[in-house]
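In order, the protein sequence lines correspond to chains R and P.
For the first sequence, the residue numbers in this note's numbering are 1 to 113.
For the second sequence, the residue numbers in this note's numbering are 114 to 225.
Beta carbons: idealized from backbone N, C-alpha and C, even for Gly.
Given the structure is predicted, the values throughout are model-derived calculations rather than measurements.
Only one structure is covered here, and it is reproduced in the block below.
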Amino acid sequence: GAVVSQHPSRVICKSGTSVKIECRSLDFQATTMFWYRQFPKQSLMLMATSNEGSKATYEQGVEKDKFLINHASLTLSTLTVTSAHPEDSSFYICSASGRDTQYFGPGTRLTVL
Amino acid sequence: GQNIDQPTEMTATEGAIVQINCTYQTSGFNGLFWYQQHAGEAPTFLSYNVLDGLEEKGRFSSFLSRSKGYSYLLLKELQMKDSASYLCAVVMIKAAGNKLTFGGGTRVLVKP
Numbered sequence: 001g002a003v004v005s006q007h008p009s010r011v012i013c014k015s016g017t018s019v020k021i022e023c024r025s026l027d028f029q030a031t032t033m034f035w036y037r038q039f040p041k042q043s044l045m046l047m048a049t050s051n052e053g054s055k056a057t058y059e060q061g062v063e064k065d066k067f068l069i070n071h072a073s074l075t076l077s078t079l080t081v082t083s084a085h086p087e088d089s090s091f092y093i094c095s096a097s098g099r100d101t102q103y104f105g106p107g108t109r110l111t112v113l
Numbered sequence: 114g115q116n117i118d119q120p121t122e123m124t125a126t127e128g129a130i131v132q133i134n135c136t137y138q139t140s141g142f143n144g145l146f147w148y149q150q151h152a153g154e155a156p157t158f159l160s161y162n163v164l165d166g167l168e169e170k171g172r173f174s175s176f177l178s179r180s181k182g183y184s185y186l187l188l189k190e191l192q193m194k195d196s197a198s199y200l201c202a203v204v205m206i207k208a209a210g211n212k213l214t215f216g217g218g219t220r221v222l223v224k225p
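Quick look at the structure:
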């Protein structure tokens, strides 16, 4: 199957700093990528749909100014958590849309102190 | 909006069979996926149903009834490594890029 990578896999930062997470589709071009957030023992919650060359579409309740998404190429989308706070600590997962399904990255564990 | 419901937790014995049900209420249904997710890892694709009936793939089978808004994932000959969360997800017609809506997930614990 298709391969999607995420970097970094784990990040610890101080409150108030910004953190950038990269999502790459390694062997196919993805016009659409998705960003999810998952809290412990909960399911995936879709944050936004990232469209190459256009603005991201955010789900209700997700602050677009806090979670900046850039999808500058067909193989790369980035999520920047600006001015991170402890409540932003979570598991962030991206996925890239393939022909029949979504392919998920390995996730990024963010811990904000 | 969409409602996707599945049980929160299930426990089964190694070697047994477990059936995880998923019910959904959506408009413009265009397919249902099952994913497996181990703790701290990303979901991995298990199955996709868009037509009614049973899809069998080794120890795992998935069933869909569109008229009833119902699906199940059947795990046979359970192994300890099958302990994981199982996520039911629906894709809508005209959903951009196969946008998925996930249920809450079912945590399956396999005991010796």
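- Provide the residue span of the beta strand (DSSP E) that contains alanine 125 of chain P, from first to last. 122-126 is the extent of the beta strand (DSSP E) around alanine 125 of chain P.
- Roughly how many angstroms separate the alpha carbons of asparagine 162 of chain P and histidine 71 of chain R, rounded to a whole number? Cα to Cα, asparagine 162 of chain P sits roughly 30 Å from histidine 71 of chain R.
- Query: Would you report the Cα separation of threonine 75 of chain R and lysine 20 of chain R, rounded to the nearest angstrom?
  - Reply: Going from the Cα of threonine 75 of chain R to the Cα of lysine 20 of chain R covers about 16 Å.
- Shortest alpha-carbon distance to valine 3 of chain R belongs to which of R:Leu26, R:Arg10, R:Val62 and R:Val11? For the residues R:Leu26, R:Arg10, R:Val62 and R:Val11, the minimum Cα distance to valine 3 of chain R belongs to R:Leu26.
- Do the stretch 170-189 of chain P and the stretch 142-153 of chain P meet, that is, are 3 or more Cβ pairs less than 8 Å apart? Counting Cβ pairs under 8 Å, three or more are found: they touch.
- Euclidean distance between Cα positions of glutamate 169 of chain P and histidine 85 of chain R: If you take the alpha carbons of glutamate 169 of chain P and histidine 85 of chain R, they lie about 45 Å apart.
- Item | Distance between beta carbons of leucine 187 of chain P and isoleucine 117 of chain P, contact taken as under 8 Å | Not quite, the Cβ-Cβ distance comes to about 18 Å (not below 8 Å), so this is no contact.
- Task: May I ask you to list the residues that DSSP assigns as paired with alanine 48 of chain R?
- Result: DSSP lists R:Trp35 and R:Tyr58 as partners of alanine 48 of chain R.
- Leaving out the 5 sequence neighbours to the left and right, which residues in its chain are closer than 6 Å to arginine 37 of chain R when beta-carbon positions are compared? Excluding sequence neighbours, arginine 37 of chain R sits near Met45, Met47, Ser90 and Tyr92.
- Message: Can you pull out the residues from the stretch 94-106 of chain R whose beta carbon lies closer than 7 Å to at least one beta carbon of chain P?
- Response: The residues in question are Ser97, Asp100, Thr101, Gln102, Phe104, Gly105 and Pro106.
- Message: Which residues in chain R have a C-beta closer than 7 Å to the C-beta of alanine 155 of chain P? List them in chain order.
- Response: By Cβ distance, chain R contributes Ile93, Phe104, Gly105, Pro106 and Gly107.
- Message: Mapping the DSSP letters down to three states, classify asparagine 100 of chain R as helix, strand or coil.
- Response: Residue identity check: residue 100 of chain R is aspartate in the sequence provided, not asparagine. In the three-state DSSP reduction, aspartate 100 of chain R falls in the coil class, being neither helix nor strand.
- Hey, out of P:Glu122, P:Val223 and P:Gln132, whose CA is closest to leucine 177 of chain P's CA? Out of P:Glu122, P:Val223 and P:Gln132, P:Gln132 has the C-alpha closest to the C-alpha of leucine 177 of chain P.
- chain R residues whose Cβ lies nearer than 9 Å to that of lysine 224 of chain P: None at all; the shortest Cβ gap to chain R is about 19 Å.
- Query: Does the Cβ-Cβ distance between serine 198 of chain P and arginine 172 of chain P come in under 8 Å?
  - Reply: No, Cβ-Cβ distance for serine 198 of chain P and arginine 172 of chain P is not below 8 Å.
- Excluding sequence positions up to five away, which residues of its chain have a Cβ less than 7 Å from the Cβ of serine 15 of chain R? Within the same chain, serine 15 of chain R has close Cβ partners Ala84, His85, Pro86, Val112 and Leu113.
- Message: I want to see whether chain R comes within less than 8 Å of tyrosine 199 of chain P, judged by CB atoms only; does it?
- Response: Taking a beta-carbon distance threshold of 8 Å, tyrosine 199 of chain P does not count as an interface residue toward chain R.
- Taking the alpha carbon of leucine 222 of chain P as the point to measure from, which residue in P:Gln150, P:Thr214 and P:Leu167 has its own alpha carbon closest? The shortest CA-to-CA distance from leucine 222 of chain P to any of P:Gln150, P:Thr214 and P:Leu167 is the one to P:Gln150.
- Task: Spell out the partners DSSP gives glutamine 192 of chain P in its beta bridges.
- Result: For glutamine 192 of chain P, which the question treats as bridged, DSSP gives no partner whatsoever.
- Closer than 6 Å by C-beta to proline 106 of chain R: which residues in its own chain qualify, once you throw out the five before and the five after it? Chain order, please. Only Gln6 meet the Cβ criterion.
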